[in-house]
């Protein structure tokens with residue numbers, strides 16, 4: 566709705582007041598008027614009530630009957646209402662009454678107002694920190710399905726980094742090996758939660774005696790499917806945005822950084838220390854690594870492709886990307902791998918169908934080449 570209100574025209578045909586300030590609260594936004602197609606003037610709060618409360622009651626009730634036990638449902642009903650029904654069927658009948666549904670409408674609206682009304686419109690475009698104090702990282706982000714390599718603690722100025730590297734399972738005939746790497750920095754080595762993380766993938770090419778890779782970009786795409794669809798889409802972004810990738814792999818393995826972050830309550834610079842330690846470790850283990858690809862997706866934004874953003878949000882996203890680009894440049898990560906850093910933009914949400922299609926096409930091209938060999 567905020568996106569619709571931010572546009573001068575909209576396909577719904579609504580006449581909306583200009584929305585130029587995304588730092589007003591949702592409560593203020595709800596008092597703004599708009600004109601319906603029939604000419605009636607309403608407040609945006611009425612639209613929010615209809616969309617998020619009245620139109621959701623039936624769905625909420627159905628989900629409640631799906632996930633809750635009969636004992637819980639009837640027990641809560643008895644506690645909440647005098648003369649409440651004693652069976653599921655009686656409870657369904659009561660909840661189907663218009664007066665009861667209207668009550669639920671207003672309960673949902675009260676909950677919405679308590680939870681959201683003091684938030685600014687800008688906050689709905691921003692990622693909220695999770696229980697671990699991160700925007701993107703979560704405890705199960707590391708897959709670790711494969712053969713683990715030895716990992717020695719790396720001392721850094723502010724703590725200790727452990728880079729866990731796993732060689733993913735592959736077929737004997739594969740000419741590109743995929744490795745998942747997960748570096749975590751802890752100020753207190755015994756802490757359950759890392760203070761900063763850097764996660765990614767590395768693709769090492771089997772090479773002949775002269776150092777030329779035996780695999781192609783199709784082998785790279787197939788190898789990227791070892792862990793996650795996200796990795797496939799990042800490799801695809803690299804190929805689409807850097808046309809010289811086939812030439813790059815002639816002289817370099819490839820490392821991708823897909824998740825890089827520090828906890829919000831940790832000191833600035835810990836993320837950089839973690840990433841530097843990880844790349845230095847990878848470069849020492851893989852002498853052919855000279856190219857690092859980093860996804861330019863600042864974690865503070867919730868969505869990068871859903872509709873049209875208000876101008877202030879579009880500008881904030883671009884400013885964040887520019888700031889990240891400059892920050893990475895100042896880190897001189899290229900020196901760590903004796904090569905270069907490439908920026909990629911892979912901001913779309915995970916798309917399993919697209920990833921499957923890319924891998925299938927690459928596998929088909931690879932098979933055709935193999936069949937055509939003498």
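In this note's numbering, the protein residues as written are 566 to 939. Even for Gly, the Cβ is constructed at its ideal location relative to N, Cα and C. Quantities reported herein were computed from a predicted structural model and do not represent experimental measurements.
Would residue 791 pass as a contact of residue 747 if the rule is Cβ separation under 8 Å? Start at 1 with the first residue of the chain shown, and residue 791 comes out as number 226. Start at 1 with the first residue of the chain shown, and residue 747 comes out as number 182. Contact flag unset, no.
Helix, strand or coil: which one does DSSP assign to residue 921? Walking along the chain shown from the start, residue 921 turns up at place 356. In the three-state reduction of the DSSP assignment, residue 921 falls in the helix class.
Taking buried to mean at least 16 other C-beta atoms within 10 Å of its own C-beta, is residue 703 buried or exposed? Counting from one through the chain shown, the residue named residue 703 turns up at place 138. Counting the other CB atoms within 10 Å of its CB gives residue 703 a total below 16, which places it among the exposed residues.
Should residue 640 be labelled buried (16 or more other beta-carbon atoms within 10 Å of its own) or exposed? As a working mapping, residue 640 is identified with position 75 in the chain shown. That one is exposed.
If I'm right that residue 728 touches residue 843 with Cβ under 8 Å, what's the distance once you round it to whole angstroms? By one-based count along the chain shown, residue 728 stands at place 163. By one-based count along the chain shown, residue 843 stands at place 278. Indeed, because the Cβ distance is near 5 Å, the residues count as touching under 8 Å.
Burial state of residue 585 (16 or more Cβ within 10 Å): In the chain shown, the residue the question calls residue 585 occupies position 20. Under this definition residue 585 is an exposed residue.
Is residue 892 buried or exposed, if buried means 16 or more other CB atoms sit within 10 Å of its CB? Counted from its first residue, the chain shown places residue 892 at position 327. Flag for residue 892 reads exposed.
DSSP on residue 892, reduced to helix/strand/coil? Sequence index remark: in the chain shown, residue 892 carries index 327 (1-based). If DSSP states are grouped into helix, strand and coil, residue 892 belongs with the helices.
Tell me, please, which residues DSSP counts as bridged to residue 586. Along the chain shown, one-based indexing puts residue 586 at 21. Partner(s): none; residue 586 has no beta bridge.
In three-state DSSP terms, what is residue 772? The count along the chain shown starts at 1 and reaches residue 772 at position 207. Three-state DSSP puts residue 772 in a strand.
Near residue 619, which residues of its chain fall below 7 Å by C-beta distance, leaving aside the five closest residues on each side in sequence? Taking the chain shown and counting its residues from 1, the one referred to as residue 619 is at position 54. For residue 619, where only same-chain residues beyond five positions count, the Cβ hits under 7 Å are 670.
Drop a sphere of 10 angstroms on the beta-carbon of residue 647, count the other beta-carbons inside from all chains shown, and report buried for 16 or more, exposed for fewer. Taking the chain shown and counting its residues from 1, one reaches residue 647 at position 82. Bear in mind that the predicted position of residue 647 carries a pLDDT of just 49, short of 50, making it too unreliable to give a figure here.
Hey, which unbroken runs of the alpha helix (DSSP H) at 4 residues or more fall wholly within the stretch 736 to 809? If we require 4 residues or more, the alpha helix (DSSP H) runs fully inside the stretch 736 to 809 come out as 782 to 788 and 794 to 806.
Of the choices 726, 745 and 677, whose alpha-carbon is the least far from that of residue 710? Locating residue 710 in the chain shown gives position 145, counting from the first residue. Out of 726, 745 and 677, the CA that lies nearest to the CA of residue 710 is found in 745.
Tell me the rounded alpha-carbon separation between residue 814 and residue 930. For the purposes of this step, residue 814 is identified with residue 249 of the chain shown, where counting begins at 1. For the purposes of this step, residue 930 is identified with residue 365 of the chain shown, where counting begins at 1. Roughly 18 Å separates the two Cα atoms.
In three-state terms, what does DSSP make of residue 861? As a first step, residue 861 is located in the chain shown; it is residue number 296 there, counting from the start. If DSSP states are grouped into helix, strand and coil, residue 861 belongs with coil.
Between residue 839 and the rest of its own chain, which residues show a CB-CB distance below 6 Å, the 5 nearest in sequence each way excluded? Taking the chain shown and counting its residues from 1, the one referred to as residue 839 is at position 274. Taken in chain order, the residues that qualify are 726, 748, 750, 761 and 763.
Euclidean distance between Cα positions of residue 769 and residue 831: What you label residue 769 is simply residue 204 of the chain shown in a count that begins at 1. What you label residue 831 is simply residue 266 of the chain shown in a count that begins at 1. Roughly 33 Å separates the two Cα atoms.
Residue burial classification, residue 895 (beta-carbon count within 10 angstroms, cutoff 16): Here residue 895 refers to the residue found at position 330 when the chain shown is read from its first residue. Exposed, since its Cβ has fewer than 16 Cβ neighbours within 10 Å.
Please report the residue range of the beta strand (DSSP E) in which residue 687 lies. Translated into positions along the chain shown, residue 687 becomes position 122. No beta strand (DSSP E) contains residue 687, which DSSP labels as neither H nor E.
Residue 910, DSSP secondary structure in three states: Position 345 of the chain shown, counted from the first residue, corresponds to residue 910. Coil.
Over the uninterrupted alpha helix (DSSP H) stretch that includes residue 692, give me the two end residues. In the chain shown, counting from the first residue as 1, residue 692 sits at position 127. Premise fails: residue 692 is in no alpha helix (DSSP H) and is neither H nor E.
Grab me the residues of residue 638's own chain with a C-beta within less than 8 Å of its C-beta, minus the 5 sequence neighbours each way, in chain order. Along the chain shown, one-based indexing puts residue 638 at 73. Close CB contacts of residue 638 within its chain, under the 8 Å cut and outside five residues either way in sequence, are with 629, 630, 653 and 656 (chain order).
Report buried or exposed for residue 808, applying the criterion of at least 16 other Cβ atoms within 10 angstroms of its Cβ. What you label residue 808 is simply residue 243 of the chain shown in a count that begins at 1. Using a 10 angstroms sphere on the CB of residue 808, the tally of other CB atoms stays under 16, which defines it as exposed.
Identified DSSP bridge partners for residue 933: Taking the first residue of the chain shown as position 1, residue 933 is located at position 368. As DSSP reads the structure, residue 933 sits in no beta bridge.
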